[in-house]
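These protein sequence lines map, in sequence, to chains X and L.
Residue numbering for the first sequence follows our numbering, starting at 81 and increasing by one per position.
Residue numbering for the second sequence follows our numbering, starting at 81 and increasing by one per position.
Yeah, the Cβ is synthetic: ideal placement off N, Cα and C, and Gly gets one too.
These notes concern the structure reproduced below.
Number of protein chains: 2
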Amino acid sequence: MARINDDYEKLQAGYLFPEIGRRVAAFQSEHPDASVIRLGIGDVTLPLAPAVVQALHDATDEMGTAEGFRGYGPERGAEDFLLEGILEHDFTSRGVTLAKDEIFVSDGSKQDSGNIQEIFGRDCHIAVTDPVYPVYVDTNVMAGRTGAAGDSGRFAGILYLPATEENGFVPPPPDAPADIAYLCSPNNPTGSVASHAALAEWVAWAREHDAVIIYDAAYDAFIQDPSLPHSIYEVDGAKECAIEMRSFSKRAGFTGVRCAYTVVPHGVTGSDAAGQRVPLNGLWLRRHCTKFNGVPYVVQRAAGAVFSPEGRKQTQEQVAHYMSNAAYIRTGLTDAGFVCFGGEHAPYVWVRTPQGLSSWDCFDRILGEANVVTTPGSGFGASGEGYFRISAFNSRENVEAAVSRIQRAFAG
Amino acid sequence: MARINDDYEKLQAGYLFPEIGRRVAAFQSEHPDASVIRLGIGDVTLPLAPAVVQALHDATDEMGTAEGFRGYGPERGAEDFLLEGILEHDFTSRGVTLAKDEIFVSDGSKQDSGNIQEIFGRDCHIAVTDPVYPVYVDTNVMAGRTGAAGDSGRFAGILYLPATEENGFVPPPPDAPADIAYLCSPNNPTGSVASHAALAEWVAWAREHDAVIIYDAAYDAFIQDPSLPHSIYEVDGAKECAIEMRSFSKRAGFTGVRCAYTVVPHGVTGSDAAGQRVPLNGLWLRRHCTKFNGVPYVVQRAAGAVFSPEGRKQTQEQVAHYMSNAAYIRTGLTDAGFVCFGGEHAPYVWVRTPQGLSSWDCFDRILGEANVVTTPGSGFGASGEGYFRISAFNSRENVEAAVSRIQRAFAG
């Protein structure tokens, strides 16, 4: 008799964004004439940069010729040109030295941050900041590392670290030990960013407790202050305790193109049943070889073009556009009396709900009265209750209209 | 303390194809002048069909415009045009009726066949044919469903069904019960193909034992006899017990492009801890939404072009080329005294090793004396010992040279 994975039944009814999609679809079917502006899901809107478009065309032409055709890619999933671009522009330029075989290219940070837990033991205790990107939690629930969810939606067995106004939405390491901690900076959803000192505290904690940090830096391109760390490896000792994830999705508009990578330095180890230290690089390589088959060659060429001089210039302009939107949202909502956080080094503004509204009530009210889609903070965890996230990924015209509509809806 | 997933330590030293890669690299570094012909890994060699190339160009242009740009795809991972092409050409044309929400598009059948086990309970017993595509076994080992490997490489707790010359390399269902059975037809590695009657026997077995069949039809395009089933859903009752996987990799040369899909009919269920029936479609959807983010839009357009009139004609010509190679290999090796199987409805010929050689000894001899890369049968399982697989994916020139060299190496 085929038994299902009962842990799936512990999950909430739906992944957050499909649930939002259902509510928006219901609203639109009731109000077919409403012009809804979507600042909910963090999805880019600008077309691909010309350098990326050109690289896709060139690679497509290669694939159409006998000499240029590529089948399965290299074992680790990426061609040298892409690995070299990543090392030079994302790490060497920040003073971080890594090797090509510490980089694993994939089709998304969502996939990587969801799959990474597979290489750890089932009895590992995980810690997450709260609110949190739901994938970190849900994939550990599916893997059986938690008990059931309580009334607040928190799962038994997970250590939740509240990200609050008091700690600037960057929680310090816990007093209690944990085996694996997920950190995201610049943060989704709060838009906060961890300083070098904050990361150093985390690295010290991980080394003291023999824990592993899963560091999600998918939004690093949005950091405006050059003194803030883009990589956790800018902190001494992180190469012994941290795995880092990066993505082309937001920095270069690749949400519909799909390319990301994960760094597993050779120095990061875990312990096996016999107490032996085992490098996590080899375990992740085994997973990668067994359950993945590389990123499309044309996509690798597109990602490589992001590192060309034109590609860097064009994608930096895209980032500047979104960050200008974020500033507009922050200012506009602050003027309207909202209390805003984030949005300075991240494409998300994190907003306290007015009048004590719950996150979902505020979501429904903004959708109903301003016809703007946001994301309810409580969808990211219990500590997100009383906040909503608003995304800067849209045209300037839509952002201005959305801010103006929200101002009107909440006037007086 | 971060504990690793100890189940990874049960795995063999390397995934089969990386191990072959290492041996070939070692041979080439010792014999830099040798011209090695690769008929090992089943990787396509013909360039992408013109219709596919055109679709990639067109979609790239779309992605470069504000109106045509696409970010995240639909929740299920695919656009309607692709789902409609799949339903019409792969199923309706064979008399099989499925719904769009039963199709899940992904970046590869390797991924899907490796990930599908996640939705099942950890105590499920799995059955595989032997020899077998290693991913089915390795991913269940990683998930903790097996004991350690014995001397033959077989893992305790897995039911291995020998595919032998006596059963035409299509094992019948076991007498013993199992919860999940992996079938692959046309078969990798043996090149055998299951008849309608053989599949009907398997469906009857699954329904009797409340088991689920994972049916891997990645090579269906190579079937030459129109009376043979392409889909397990051509058998009555399969929509209540079978999940099917298909790929664009071999049928359209997509190994470096990456597109595949999995069918989970609404009627396929498993049992939860409370004894309730749970549709597997919903569980797979939850996994898909949580750990996957869709196939690149340009790749979806490329896959859609495979179903256009030109695309079908061009990719059928590619398949015909490879099948002509397979026939040439079968005839040439048979003439040289080898005993050959498969290669009539599959791009693989399965060959008995001569002179009682072990699979790896035969691999090393063919590499060393004929400078041809094959795949040792024992790499696919204990029952593959004494055989090797030779792939028809190459140019005609290389195939003719490889056959001629093997004939010379084994003459007299």
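- request: Counting only the same chain and skipping the five closest in sequence on each side, list residues whose C-beta sits under 6 Å from that of PHE107(L).
  value: Correct list, in chain order: LEU447.
*Taking the DSSP output, what are the residues bridged to TYR467(X)?*
ARG432(X)
Going along the chain, which residues of its own chain have a beta-carbon closer than 6 Å to the beta-carbon of PHE58(L), five neighbours each way excluded?
The structure shown does not extend to residue 58(L), since chain L spans only 81 to 492, so no value can be given for it.
**Report entry** Spatial distance of TYR341(L) from PHE328(L) (CA atoms)
**Finding:** Whole-angstrom Cα-Cα distance: 9 Å.
Worksheet item: Are any of the Cβ atoms in chain L nearer than 7 Å to that of GLN108(X)?
Response: For GLN108(X), the answer is no, since every Cβ of chain L falls outside 7 Å of its Cβ.
- Query: Can at least three beta-carbon pairs, one atom from the region 401 to 412 of chain X and one from the region 238 to 251 of chain X, be found at a separation below 8 Å?
  - Reply: no
Beta bridge counterpart(s) of ALA450(L) as assigned by DSSP:
Looking at the DSSP assignment, ALA450(L) forms no beta bridge with any residue, so it has no partner.
- Is DSSP giving PRO359(X) helix, strand or coil here? strand
Exercise. Check whether the Cβ atoms of ALA131(X) and GLN435(X) sit closer than 7 Å, and answer yes or no.
Key: no
Give the list of continuous alpha helix (DSSP H) stretches no shorter than 4 residues that lie fully inside the region 362 to 409 of chain L. 377 to 385
To test your reading of the DSSP string, which unbroken alpha helix (DSSP H) runs of 4 or more residues are found completely within the region 160 to 185 of chain L?
With a minimum length of 4 residues, the continuous alpha helix (DSSP H) runs that stay inside the region 160 to 185 of chain L are 160 to 166.
Exercise for the section: Decide if the region 112 to 131 of chain X is in contact with the region 382 to 399 of chain X; the criterion is three or more beta carbon pairs, one per stretch, under 8 Å apart. Expected result: The region 112 to 131 of chain X makes contact with the region 382 to 399 of chain X, as at least three CB pairs between them are under 8 Å.
Query - is_contact[TYR88(X), chain L] using C-beta, thresh 7 Å - result: Cβ-Cβ to chain L under 7 Å: yes for TYR88(X).
Thinking just about the alpha-carbon of each residue, which of GLY201(L), THR140(L), GLY227(L) is nearest to the one in LEU363(L)? GLY201(L)
For the alpha helix (DSSP H) that GLU480(L) lies in, which residues bound it at each end? 476 to 489 is the span of the alpha helix (DSSP H), which, as asked, contains GLU480(L).
task: Work out the CA separation of PRO253(X) and LEU365(L) for me, nearest whole Å.
output: 35 Å
Q. What residues from chain L crowd round CYS264(X), counting only those whose CB sits closer than 8 Å?
A. Result: empty, since nearest Cβ-Cβ is about 16 Å, beyond 8 Å.
Count Cβ pairs between the region 322 to 337 of chain L and the region 150 to 162 of chain X that sit closer than 8 Å; are there 3 or more?
yes
Pairs of beta-carbons, one from the region 459 to 479 of chain L and one from the region 110 to 120 of chain L, closer than 8 Å: are there three or more? yes
Which residues share a DSSP beta bridge with PRO456(X)? PHE468(X)
- Task: Compare the C-alpha of VAL292(X) against each of ASP218(X), ILE100(X), ASN361(X), ALA354(X) and name the closest.
- Result: Checking every option, the nearest Cα to that of VAL292(X) belongs to ASN361(X).
What does ARG392(X) reach in chain L if we use C-beta pairs closer than 9 Å? Within 9 Å Cβ-Cβ: nothing; ARG392(X) doesn't reach chain L, min ~18 Å.
Take the Cβ of GLN398(X) as the centre, count every other Cβ of all protein chains shown within 10 Å, and call the residue buried at 16 or more, exposed below. buried
Item checked: Partner residues on chain L for GLY350(X), Cβ-Cβ distance less than 9 Å -> MET81, ALA82, ARG83, ILE84, ASN85
Note to self: Assuming ILE100(X) is part of the alpha helix (DSSP H), what are its boundary residues?
What the structure shows: Following the DSSP letters along the chain, one finds ILE100(X) inside the alpha helix (DSSP H) bounded by residues 96 to 110.
Tell me, please, whether the CB atom of TYR213(L) is closer than 7 Å to any CB atom in chain X? no
- Item | Residues near ARG234(L) by beta carbon distance below 6 Å, same chain, minus five either side | TYR240, ALA462, listed in sequence order.
task: Return yes when the C-beta of LEU178(X) is under 6 Å from any heavy atom of the ligand COA, and no when it is not.
output: In terms of ligand content, the structure shown is empty, and the ligand COA therefore cannot be addressed.
- Message: What are the residues in the region 326 to 359 of chain X lying within 7 Å of chain L by C-beta distance?
- Response: THR335, GLY336, VAL337, ARG338, GLY350, SER351, ASP352, ALA353, VAL358
Closest Cβ-Cβ distance between GLU155(L) and chain X: below 7 Å? yes
Contacting residues, own chain, Cβ-Cβ under 6 Å from PHE418(X) (five flanking each side not counted): VAL431
Exercise for review: Measure from the alpha carbon of ALA450(X) to the alpha carbon of each residue in GLY165(X), ALA491(X), TYR295(X), ASN195(X), then state which is nearest.
Suggested key: ALA491(X)
query = Is DSSP giving VAL133(L) helix, strand or coil here?
reply = Reduced to three states, the DSSP call for VAL133(L) is helix.
Please report the distance separating the alpha-carbon of ASN268(X) from that of PRO211(L).
46 Å
| query | Taking Cβ positions, are HIS425(L) and PRO266(L) nearer each other than 7 Å? | reply | Cβ atoms of HIS425(L) and PRO266(L): closer than 7 Å.
Quiz prompt | Partner residues on chain L for PRO130(X), Cβ-Cβ distance less than 9 Å | solution = GLY144
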